[in-house]
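Take the numbering used here: the last position of the sequence shown gets the number 999, and nothing is skipped along the way. The block underneath contains the structure these notes are about, expressed in structure tokens.
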Amino acid sequence: MYHAKAYSTISATSPLASTTIPRRDPTDHDVQIEILFCGICHSDLHTARNEWSSVMATVYPCVPGHEIVGRVTRVGSAVTRHKAGDLVGVGCLVDSDHDCPNCRVDLEQLCPSATFTYNSPDRHETAPVTYGGYSDSVVVDERFVLKVPSNLDLAGTAPLLCAGITTYSPLRRAGVGPGKKVGIVGLGGLGHMGVKFARAFGAHVVVFTTSPKKREDALRLGAHEVVVSSNADEMQQHAGSFDFILDCVSADHDINAYLNLLTHDGNLTLVGAPEKPLAISAFALLFGRRSLSGSIIGGIAETQEMLDFCGQHAITSDVEVIPIQQINEAYERILKSDVKYRFSIDMASLKTD
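See the structure below:
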């Protein structure tokens with residue numbers, strides 16, 4: 647075992663601060679990674695502040711971070727997939743049971759025994775729970791380490807490990823492509839990735855936003871059209887015309903307004919997580935034979951597929967790079983939606999602590 651530099655919080659009301667954490671020495675199948683960049687996900691904030699206590703209570707100290715990009719520094723004796731010097735990524739998962747029905751079909755994210763990158767029971771018992779990417783290094787089973795295309799900006803690649811796969815997976819499963827009309831609800835950390843992917847897949851892309859000020863940026867990101875959702879006339883012009891809608895909004899909103907925009911057999915998939923239950927009109931689903939579903943990240947094989955696709959199409963997240971010392975300020979700015987569109991922490995800044 648060794649100790650790594652990190653930033654952690656010791657309670658729901660404490661700021662994140664510099665600390666050291668235990669990391670296991672690599673076993674035969676492990677990869678040790680020097681973390682270069684780590685994206686900030688809204689889930690980090692929720693977990694650090696124990697806002698999901700009814701679902702997954704936070705164990706303190708908590709080291710968030712599941713959008714990790716780094717360089718391999720050491721590998722176990724049985725590792726075959728990676729070697730020292732490789733650029734790699736680690737997303738929301740670091741282990742699973744490998745044998746359940748979901749794992750057998752590459753859906754590790756749905757494994758009932760999945761080990762998340764932070765705040766999950768540590769199978770190796772190095773610590774009470776797993777510690778995430780707000781750190782200078784991490785040790786991960788090689789099966790959960792992903793190859794990063796060498797042509798991608800690393801700071802912008804980090805958020806692909808969560809925001810990227812979260813939006814890529816449902817778009818891919820829906821068969822989004824040429825001849826399909828796709829709506830993206832919300833232009834934030836998730837939504838801006840949804841726009842990029844839907845456009846790269848060849849679909850006709852329409853962004854829905856509550857802010858007219860985002861129209862120009864939505865078009866820059868790849869949208870063909872932008873609809874201000876508070877404008878009833880603009881919404882009505884698109885009634886019954888969408889094959890697929892990706893809802894990226896985590897705030898309370900009228901989901902029925904978007905269900906009514908679907909064509910027959912159209913689907914709306916939720917990737918945002920509103921705190922309160924959404925009211926669903928049965929008639930919005932019944933008339934048109936529409937469907938409503940949800941999606942969470944993706945399996946390891948699909949995440950690698952997404953990274954390869956990004957390499958082929960030069961897709962990364964739009965990021966603001968910050969030093970780790972600005973993490974608490976970044977959290978407050980996230981609450982104000984004051985970032986375009988994700989924060990990415992330059993972990994070299996840990997060396998100055």
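C-beta: ideal position from N, C-alpha, C; glycine also.
I need the straight-line Cα distance from residue i to residue j, nearest angstrom please.
i: TYR780; j: VAL895; result: 26 Å
i: SER946; j: LEU798; result: The sequence as given places Ile at residue 946; Ser does not occur at that position. Approximately 19 Å, taken between the alpha carbons.
i: LYS826; j: PHE989; result: 31 Å
i: VAL917; j: ALA730; result: 35 Å
i: PRO767; j: ALA773; result: 8 Å
i: ILE667; j: ILE681; result: 14 Å
i: ALA919; j: ALA897; result: 8 Å
i: GLY722; j: GLU788; result: 9 Å
i: PHE854; j: LEU792; result: 32 Å
i: GLU966; j: ARG720; result: 30 Å
i: GLY848; j: ASP743; result: 37 Å
i: HIS728; j: TYR777; result: 22 Å
i: GLU921; j: SER700; result: 11 Å
i: ALA658; j: LYS997; result: 26 Å
i: GLY912; j: ALA994; result: 46 Å
i: PRO824; j: THR915; result: 19 Å
i: ASP900; j: VAL718; result: 46 Å
i: PRO758; j: VAL751; result: 14 Å
i: ALA760; j: ASP745; result: 11 Å
i: LEU753; j: GLY940; result: 15 Å
i: GLN882; j: LEU924; result: 22 Å
i: ASP879; j: TYR904; result: 14 Å
i: ASN877; j: THR856; result: 9 Å
i: THR726; j: VAL775; result: 27 Å
i: SER796; j: SER927; result: 47 Å
i: HIS884; j: ARG936; result: 16 Å
i: TYR977; j: GLY834; result: 15 Å
i: HIS649; j: VAL874; result: 50 Å
i: HIS850; j: LEU800; result: 29 Å
i: ASP1073; j: LEU867; result: The structure shown does not extend to residue 1073, since the chain is modelled only from 647 to 999, so the question has no answer here.
Measure from the alpha carbon of residue i to the alpha carbon of each residue in the options, then state which is nearest.
i: VAL841; options: ALA869, ASN974, GLY835 and THR855; result: ALA869
i: PHE1001; options: ALA930, THR909 and PRO795; result: With the chain running from 647 to 999 in the structure shown, residue 1001 is simply not present.
i: VAL872; options: ASP879, GLN882 and LYS860; result: LYS860
i: ASP690; options: GLY722, ASP732 and CYS738; result: CYS738
i: LEU929; options: VAL791, ASP911 and ASN902; result: In the sequence on display, residue 929 carries Phe and not Leu. The option with the nearest alpha carbon to PHE929 is ASN902.
i: THR763; options: THR693, LEU924 and PRO969; result: THR693
i: SER783; options: ASP752, THR962 and CYS684; result: CYS684
i: GLY886; options: ILE980, ASN906, ARG936 and ASP999; result: ASN906
i: HIS838; options: THR812, VAL822, GLY821 and ARG819; result: THR812
i: ILE980; options: VAL705, LEU938, CYS687 and ASP674; result: CYS687
i: PRO661; options: HIS675, ASN696 and HIS884; result: ASN696
i: GLU713; options: LEU953, VAL775 and TRP698; result: LEU953
i: ARG802; options: ILE973, VAL775, CYS956 and THR726; result: Just to set this straight, residue 802 is Gly in the shown sequence, not Arg. Of ILE973, VAL775, CYS956 and THR726, the residue nearest in Cα terms is CYS956.
i: LEU938; options: ILE973, ASP893, TYR977 and GLU975; result: ASP893
Check whether the Cβ atoms of residue i and residue j lie closer than 7 Å to each other.
i: LEU807; j: GLY716; result: no
i: VAL785; j: GLN678; result: yes
i: PHE843; j: LEU865; result: no
i: MET647; j: ARG670; result: yes
i: ALA809; j: LEU836; result: yes
i: GLY832; j: VAL852; result: no
i: ASP964; j: LYS986; result: yes
i: PHE890; j: ALA820; result: yes
i: ILE991; j: ILE970; result: yes
i: LEU733; j: VAL822; result: no
i: GLN755; j: ILE943; result: yes
i: HIS675; j: ALA724; result: yes
i: SER664; j: ASP999; result: yes
i: GLU951; j: SER815; result: no
i: THR704; j: ASN765; result: yes
Enumerate, from N- to C-terminal direction, the unbroken alpha helix (DSSP H) stretches of 4 or more residues contained entirely within the segment 852–889. 861–867 and 878–882
Complete beta strand (DSSP E) runs within the segment 762–801 (minimum length 3 residues, chain order): 783–787, all fully within the segment 762–801.
Could I get the ranges of all uninterrupted beta strand (DSSP E) runs contained in the segment 930–955, with 3 residues as the minimum, in chain order? 937–940
Contiguous beta strand (DSSP E) assignments of at least 3 residues, all confined to the segment 659–742: 663–669, 676–686, 714–721, 733–736 and 739–741
Segments of 3+ residues assigned as beta strand (DSSP E) that fall wholly inside the segment 805–856: 827–831 and 850–855
Count the C-beta pairs between the segment 699–715 and the segment 652–664 that are closer than 8 Å, then say yes if the count reaches three, no if not. yes
How about the segment 851–860 and the segment 926–941: do they share at least three Cβ pairs that are nearer than 8 Å? no
Within the segment 956–988, ranges of the alpha helix (DSSP H) (whole runs, at least 4 residues): 973–981
Beta strand (DSSP E) runs wholly inside the segment 890–926, at least 3 long, in chain order: 908–916
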